[in-house]
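Trainee: Quick one: structure below, then a few questions.
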Amino acid sequence: PSPALPRSRARSGGGERGHEGEAEDPNSEEEEETKQAMGSKTWRELAGDLKLFLWNREERTCMGRTATSWGLILLFYFVFYTCLAGMFAFCMYVMLLTLSPYTPTYRDRVSPPGVMIRPYLHGFTIAFNVSKRSTWQPYVDSMHRFLAAYDDKVQEEKNIECVAGRYFVQGGHEGEEKKACRFKRSLLQSCSGLGDPTFGYSRGQPCVLLKMNRIIGYRPGAGVPVSVDCKVQKGNESDLRSVDFYPGNGTFDLMYYPYYGKITHVNYTSPLVAMHFTDVKRNNLVPIQCSLKGEGIINDVNNDRFLGRILFTLSIGK
Amino acid sequence: MGRKYQVDLSRGLTNARAAEILVQDGPNALTPPPTTPEWVKFCRQLFGGFSILLWIGAILCFLAYGIQAAMEDEPANDNLYLGVVLAAVVIVTGCFSYYQEAKSSKIMDSFKNMVPQQALVIREGEKIQINAENVVVGDLVEVKGGDRVPADMRIISSHGCKVDNSSLTGESEPQTRSPEFTHENPLETRNICFFSTNCVEGTARGIVISTGDRTVMGRIASLASGLEVGRTPIAMEIEHFIRLITGVAVFLGLSFFILSLILGYTWLEAVIFLIGIIVANVPEGLLATVTVCLTLTAKRMARKNCLVKNLEAVETLGSTSTICSDKTGTLTQNRMTVAHMWFDNQIHEADTTEDQSGATFDKRSPTWAALARIAGLCNRAVFKPGQENISISKRDTAGDASESALLKCIQLSCGSVKKMRDKNPKVTEIPFNSTNKYQVGPGRAGPRGAQSGTALVPQPAAARQPCFCHLYLPPDKFPRGFRFDADEINFPTTNLCFVGLMSMIDPPRAAVPDAVGKCRSAGIKVIMVTGDHPITAKAIAKGVGIISEGNETVEDIAARLNIPVSQVNPREAKACVVHGSDLKDMTSEQLDEILKNHTEIVFARTSPQQKLIIVEGCQRQVGAPRSHVPSALVVPAISLAYEAAESDIMKRQPRNPKTDKLVNERLISMAYGQIGMIQALGGFFTYFVILAENGFLPSTLVGIRLAWDDRSTNDLEDSYGQEWVSTLCTLAWSHVMVAH
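Read top to bottom, the protein sequences are chains A and B. Residue numbers for the first sequence follow our numbering, beginning at -17 and rising by one. Residue numbers for the second sequence follow our numbering, beginning at 2 and rising by one.
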């Protein structure tokens, strides 16, 4: 079916030309005239033509269509779009039925993992003056907010203690609830915010947390824990003199993997690595690149600066 | 003449003088029309019309990529790829149409070889064969049957010379050329032969009076090449479409540009949006589709012996409104054939069809035997040798067209004429000439020693009708061995016994009446334009249906009502035969009047210039160039020659240029309202499917764009709790596009 059908029928009707067929002629003529004689026609005539086009009293047409014609075409489009929407909804419904609620169909685009840091305030520059509390307080707040889920109490209450050094594989049915391993805030030691609630920011020795993106079923490092390493990117190596990593030597323990998705792995908390920049050149922009190291980790794609690594700038003032 | 051209009529020019004139006048050749260099043609294909929009799109893409590359450290390659694809599409389609056009024009060029190659001239009393380009004004030239006339020349002596002026006037009937001056009009007079016409038979000697571009042919050629070539409807439509699409694209692009600025994107992002939307609205495929469709059509037509010189002509062909057809060779078989015979006080119809499938007649009558004998014996035409396997009606003959027709007719109905002639050897003949208008050819027949004589009396009528008479000579007065003298006639040429009449026509092709009917029913006006006599033209027009049955011309009405022609209201006559000399005096308004008021028109005795005038008149009627079937010289919107009617094309409704646009309201409502919406939903569906399969369920997607576009968000969470790097999301995006 086509909306122009009634019109075309009137056109080809020959002998008994319908109302619509007649109505069409002045418009097409007008169109032609407008096109051909744009220059020679006055604006008044053009306005007259336009008025006639908008409402033709004799033919009782508005924009070249009678009420019936408008009714038919609107009805057509209403039915057409309703059917189209119905079909679309049906397709979506069928498509959603094919999806598993626990695991996405494809995971090849999401791995290998990307990396993210905390504190995070709209960008990858951490700049503050030690002497000015207001410049570093937002970072400290951001850290506290983020670490709230890692409070020792919360972790002890919800999660279980796991065996370190190996993957915590949980079998059973896909829909079964999975246990999550404890990652206590206290593991981060001087970066836990427990001893020093300013995370070292008040002393000009900021802590930065690093987390690896969650990927369902991903086992990083293939048996060897993935570690973190930081260095100055494009600059004087001596700007960054010492970094402390917690927990351990800055590794993500295997027991926190694999991840089973947010429906079954409800209380999962990503393991973290804290980087304590204890000696960074002051009053200077220090670009730092922290990258993951381990088997299967990609951190050297030129185009993608966040795949397996992260770039941020430290600027610590007095 | 000799004095005027400083030439000795027996010895010709001196070589030195000829060389002098050659330097002065230049070579005797037509200046070819200014040809466009190949690279210009190629560039026209590459940058003309729709391609330019695609080029702009490609350049914008490169520009966007350039801006991105300059402004960002990690530019996305999408714009670069799109630019390359756009450029590739244009280049490929450009090369394709250029190749197609070059291929056809190469074939067309081979047809152009109309200039004579060699000429026999008399210089310093010697006959020498020279290159026709070196013929100069004043040269004495000899032509014989089969030669091409090397330049316009005034005949000074001739022997039965006949020329075929069809390339000049469209008239296929060979015309006699002799030294007598017969008409004021150089085109009509008998003593001038024209450059690039053919000498059919006989010999002639003449003085060259003009060469090269100054010849009549040269003037017409320059006239035809000076004609402005109109644009074809599809070219105009595509232009119209491009304008529309450009308008839509720019409008959408600008509105999105403004919207994105309002939404707070940076100007760079907004510009990239602008370019992206403009490029997205450029239909890359259209050009290729149009080219491929036209090429396929051209190929299909080539299979049916229809060479398409210009791809766009294929479409134009379908929107034909008027066909101006030549008569000879196009509507007719270009072959004189015996149509009717009259003997025993009765008209007998002969078979004129191409394949001899028509009716036959009673051959037992003794009168027919006598008639056949006269027609066969008193006839100088012979079949050219080596054609035994070809059907008789298609064989080549040597001799006059009328005599060839008689020969074929007799051969068809009575068997070998050669045997008949062997039995009755020729003793003498008086060949046909224009003063006595008869031909006597006695032959000796059998033991009775009888002779039969024939008189051919051609009439200037629709069909030529020779009368056949015979006389058996008494053996006592004309014994065996009697010496007949054709110069001082010593045998009776009067009081012959009238045997019968045969009439000849150039019969229409079998497919023509049907084709004309089909054209008519498709609303195409068929006009016949010919150099022939009006009566002949009208008869053929009636035969093929160009003047349909029951329609009368002004003259017919006058004859029926028995009143003078001037009293007939010309509006009453639907059909009309216009004489070339009348056309000469007409203003273009009068011509328009005729074209408008008569549905069935025949133009007779027209000159090539007048053909041009007629074509232009027809083009005025439809307001735009349309297609025509003209003679070889006229260059209208489309020239074509056909063998069998292309029924597929004939069936198509002709286009109404006002309403039948490539893009009209209906198409737009279909394109945007229906197909566009279906496509859009298809696109959205693909998008939802792929993102859902990668982890983003449709419910998560709403409002996700801000975080998605934010380069500093590297842990975008999906519906399953996985975290994404933003560039990985972009990768998923490109996946969507590919899948779509």
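All C-beta atoms, glycine included, are put in the ideal place defined by N, C-alpha and C.
If you compare alpha carbons, which of R18/B, A89/B, S11/B is closest to L47/B?
Mentor: Stepping through the second sequence from its first residue, residue 47/B is reached at position 46. Ranking R18/B, A89/B, S11/B by Cα distance to L47/B puts A89/B first.
Trainee: Ends of the beta strand (DSSP E) at T204/B?
Mentor: For the purposes of this step, residue 204/B is taken as residue 203 along the second sequence, with counting starting at 1. Segment 199 to 211, the beta strand (DSSP E) holding T204/B.
Trainee: Compare the C-beta of N195/A against all C-beta atoms of chain B and say whether one is closer than 9 Å.
Mentor: Position 213 of the first sequence, counted from the start, is the residue given in the question as residue 195/A. Residue contact with chain B for N195/A: present (Cβ-Cβ distance below 9 Å to some residue of chain B).
Trainee: Does the beta-carbon of K193/A have 16 or more other beta-carbons within 10 angstroms, so that it is buried, or is it exposed?
Mentor: Translated into positions along the first sequence, residue 193/A becomes position 211. Within a 10 Å sphere around the beta-carbon of K193/A sit 16 or more other beta-carbons, which makes this residue buried.
Trainee: Taking the C-alpha atoms as reference points, what is the distance between Q152/A and Y242/A?
Mentor: Along the first sequence, read from residue 1 onward, the residue named residue 152/A stands at position 170. Along the first sequence, read from residue 1 onward, the residue named residue 242/A stands at position 260. About 9 Å.
Trainee: I believe G140/A touches G722/B by the beta-carbon criterion, under 8 Å. Please report the beta-carbon distance rounded to the nearest angstrom.
Mentor: As a first step, residue 140/A is located in the first sequence; it is residue number 158 there, counting from the start. As a first step, residue 722/B is located in the second sequence; it is residue number 721 there, counting from the start. The amino acid occupying residue 140/A in the given sequence is Lys; Gly does not appear at that position. Actually they are not in contact, since the Cβ atoms of K140/A and G722/B sit about 16 Å apart, beyond 8 Å.
Trainee: For G53/A, does the count of other Cβ atoms within 10 angstroms reach 16, so buried, or fall short, so exposed?
Mentor: The residue labelled residue 53/A in the question sits at position 71 within the first sequence. That one is exposed.
Trainee: So, is the C-beta of T64/A closer than 9 Å to a C-beta in chain B?
Mentor: The sequence position of residue 64/A within the first sequence is 82, counting from 1. False, the Cβ-Cβ gap to chain B never drops below 9 Å.
Trainee: From what residue to what residue does the beta strand (DSSP E) around A109/A run?
Mentor: Working through the first sequence from its first residue, we reach residue 109/A at position 127. Start and end: 107 to 111.
Trainee: Would you report the Cα separation of L1/B and L81/B, rounded to the nearest angstrom?
Mentor: Any property of residue 1/B remains undetermined from this structure, which presents chain B solely from 2 to 741.
Trainee: Less than 8 Å between the CB atoms is what I'm expecting for M337/B and D507/B, so what's the real figure, rounded?
Mentor: Residue numbering aside, residue 337/B sits at position 336 when the second sequence is read from its first letter. Residue numbering aside, residue 507/B sits at position 506 when the second sequence is read from its first letter. Right, the Cβ-Cβ distance comes to about 6 Å (below 8 Å), so this counts as a contact.
Trainee: Can you grab the Cα-Cα spacing for the pair L289/A / T267/B, in whole Å?
Mentor: Within the first sequence, residue 289/A is the residue found at index 307, counting from 1. Within the second sequence, residue 267/B is the residue found at index 266, counting from 1. Rounded to the nearest angstrom, the two C-alpha atoms are 26 Å apart.
Trainee: If you follow the beta strand (DSSP E) that H258/A is in, where does it begin and where does it stop?
Mentor: Locating residue 258/A in the first sequence gives position 276, where the first residue counts as 1. Its beta strand (DSSP E) spans residues 254 to 262.
Trainee: Tell me which residues share the same chain as G618/B and place their Cβ nearer than 7 Å to its Cβ, disregarding the 5 neighbours each side in the sequence.
Mentor: Along the second sequence, one-based indexing puts residue 618/B at 617. Cβ neighbours of G618/B beyond the five flanking positions: S589, L592, D593, L596.
Trainee: Is the Cβ-Cβ distance between M125/A and C189/A less than 9 Å?
Mentor: Here residue 125/A is taken as the residue at index 143 of the first sequence, counted from 1. Here residue 189/A is taken as the residue at index 207 of the first sequence, counted from 1. Taking C-beta atoms as the reference points, M125/A and C189/A count as a pair closer than 9 Å.
Trainee: Skipping 5 residues on each side, what residues in its chain have a beta carbon closer than 6 Å to that of L824/B?
Mentor: Outside the displayed span of chain B (2 to 741) sits residue 824/B, for which this structure offers no information.
Trainee: Using a Cβ-Cβ distance cut-off of 9 Å, determine whether A20/B contacts chain A.
Mentor: Start at 1 with the first residue of the second sequence, and residue 20/B comes out as number 19. No, its Cβ sits nowhere closer than 9 Å to a Cβ of chain A.
Trainee: Tell me whether the beta-carbon of F181/A lies closer than 9 Å to the beta-carbon of C173/A.
Mentor: Here residue 181/A is taken as the residue at index 199 of the first sequence, counted from 1. Here residue 173/A is taken as the residue at index 191 of the first sequence, counted from 1. Against a cut-off of 9 Å, the Cβ pair of C173/A and F181/A comes out as a contact.
Trainee: Do you know how far the Cα of Y239/A is from the Cα of R201/A?
Mentor: The residue given as residue 201/A occupies position 219 in the first sequence. The residue given as residue 239/A occupies position 257 in the first sequence. Spanning the two alpha carbons is a distance of roughly 6 Å.
Trainee: On the premise that R206/B lies in contact with R191/B, defined as a C-beta separation below 8 Å, what is that separation, rounded to the nearest angstrom?
Mentor: For the purposes of this step, residue 191/B is identified with residue 190 of the second sequence, where counting begins at 1. For the purposes of this step, residue 206/B is identified with residue 205 of the second sequence, where counting begins at 1. Actually they do not touch by this definition, with Cβ atoms about 15 Å apart.
Trainee: Would you call the stretch 47 to 63 of chain A in contact with the stretch 690 to 701 of chain B, where contact means no fewer than 3 C-beta pairs closer than 8 Å?
Mentor: no
Trainee: What residues in the stretch 242 to 261 of chain B bring their beta carbon closer than 7 Å to a beta carbon of chain A?
Mentor: Near chain A, meaning a CB-to-CB distance below 7 Å, no residue of the stretch 242 to 261 of chain B qualifies.
Trainee: In terms of residue numbering, what span does the alpha helix (DSSP H) encompassing K543/B cover?
Mentor: Locating residue 543/B in the second sequence gives position 542, counting from the first residue. K543/B -> alpha helix (DSSP H) spans 535 to 545.
Trainee: Taking C-beta to C-beta, are V527/B and S326/B nearer than 9 Å?
Mentor: Sequence index remark: in the second sequence, residue 527/B carries index 526 (1-based). Sequence index remark: in the second sequence, residue 326/B carries index 325 (1-based). The answer is yes: Cβ separation under 9 Å.
Trainee: To the nearest angstrom, report how far apart K612/B and Q620/B are at their CA atoms.
Mentor: Taking the second sequence and counting its residues from 1, the one referred to as residue 612/B is at position 611. Taking the second sequence and counting its residues from 1, the one referred to as residue 620/B is at position 619. For K612/B and Q620/B, the distance between alpha carbons rounds to 12 Å.
Trainee: May I ask which residues mark the beginning and end of the alpha helix (DSSP H) holding C189/A?
Mentor: Indexing the first sequence from 1 puts residue 189/A at position 207. Looking at the DSSP string, C189/A is not in any alpha helix (DSSP H); the run it does join, the beta strand (DSSP E), is 189 to 194.
Trainee: Can you grab the Cα-Cα spacing for the pair G248/B / G277/B, in whole Å?
Mentor: As a working mapping, residue 248/B is identified with position 247 in the second sequence. As a working mapping, residue 277/B is identified with position 276 in the second sequence. Taking the straight line from one Cα to the other gives about 15 Å.
Trainee: State the Cα-Cα distance for the pair V458/B and M503/B, rounded to the nearest angstrom.
Mentor: Within the second sequence, numbered from 1, the residue matching residue 458/B stands at position 457. Within the second sequence, numbered from 1, the residue matching residue 503/B stands at position 502. Bear in mind that the predicted position of V458/B carries a pLDDT of just 41, short of 50, making it too unreliable to give a figure here.
Trainee: In chain B, which residues lie with their C-beta within 7 Å of the C-beta of Y59/A?
Mentor: For the purposes of this step, residue 59/A is identified with residue 77 of the first sequence, where counting begins at 1. What Y59/A touches in chain B: G674.
Trainee: Is DSSP giving N132/B helix, strand or coil here?
Mentor: Along the second sequence, one-based indexing puts residue 132/B at 131. Strand.
Trainee: Do you know how far the Cα of D214/B is from the Cα of L297/B?
Mentor: Along the second sequence, one-based indexing puts residue 297/B at 296. Along the second sequence, one-based indexing puts residue 214/B at 213. When rounded, the distance between both Cα atoms is 39 Å.
Trainee: Return the residue from the list I393/B, L14/B, P467/B that minimises the CA-CA distance to E404/B.
Mentor: Here the question's residue 404/B lines up with position 403 in the second sequence. Nearest option by C-alpha distance: P467/B.
Trainee: Name the two residues that bound the continuous alpha helix (DSSP H) containing G53/A.
Mentor: Position 71 of the first sequence, counted from the first residue, corresponds to residue 53/A. Unbroken alpha helix (DSSP H) run through G53/A: 49 to 79.
Trainee: When burial is assigned at 16 or more other CB atoms within 10 Å of the CB, is E102/B buried or exposed?
Mentor: Along the second sequence, read from residue 1 onward, the residue named residue 102/B stands at position 101. Under this definition E102/B is a buried residue.
Trainee: From the beta carbon of Y86/A, is the nearest beta carbon of chain B less than 9 Å away?
Mentor: Position 104 of the first sequence, counted from the start, is the residue given in the question as residue 86/A. Note on residue identity: the sequence assigns Pro, not Tyr, to residue 86/A. So, interface residue.
Trainee: Kindly give me the distance between the Cβ atoms of R155/B and I210/B, rounded to whole angstroms, as I take these residues to be in contact under 8 Å.
Mentor: Working through the second sequence from its first residue, we reach residue 155/B at position 154. Working through the second sequence from its first residue, we reach residue 210/B at position 209. The Cβ separation is near 5 Å, so the contact holds.
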